[in-house]
Amino acid sequence: MAVIATPVDATLQVVVQTGTDDGGRPVTRVRSFRNLKPSAVDDDVMAVAKAFANLQAHPVDSIVKVVEIALTEEQ
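All residue numbers for the sequence shown refer to the UniProt record's numbering, where the first residue is 1 and numbers rise by one.
In C-alpha cells, the structure reads:
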C-alpha cells in the first residue's frame, strides 16, 4: 500500500545563544512561533525569521522550520 503524507502544522524555531556555562560551552534557548502554514515558502519563512532575529537581544545560532506530517495508508 502507498503511504500518503499530509502536512498538518508547522513551527518556526529561532535558536539563540543566551550565554555560556561553566565549561565555556554555549547555552541556547529556542524561541518558537507556532501555527506557521506548512505550505509557507521557505524564502518567506527565512525573511520572517531574520526579522525576528533582529528583535532578539541574544545572537541567533540557527533557524529551523519544523513541519508535522500525518501519515496514512492509501486503501
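Idealized CB from N, CA, C, for every residue including glycine.
Residue i versus residue j: straight-line alpha-carbon distance, rounded
i     : j     : result
Gln75 : Asn54 : 48 Å
Ala70 : Ala5  : 6 Å
Val45 : Asp21 : 31 Å
Val64 : Phe33 : 11 Å
Which residues DSSP lists as bridging residue i, in chain order
i     : result
Ser32 : Gln13
Ala5  : Leu71
Cβ-based burial, residue i [other Cβ within 10 Å; buried from 16]
i     : result
Ala10 : buried
Beta-carbon gap between residue i and residue j smaller than 8 Å
i     : j     : result
Val66 : Gln13 : yes
His58 : Val16 : yes
**Message:** Quick check for students: name the residue ranges of the beta strand (DSSP E) that lie wholly in the stretch 18-71, counting only runs of 3 or more.
**Reply:** 26-36
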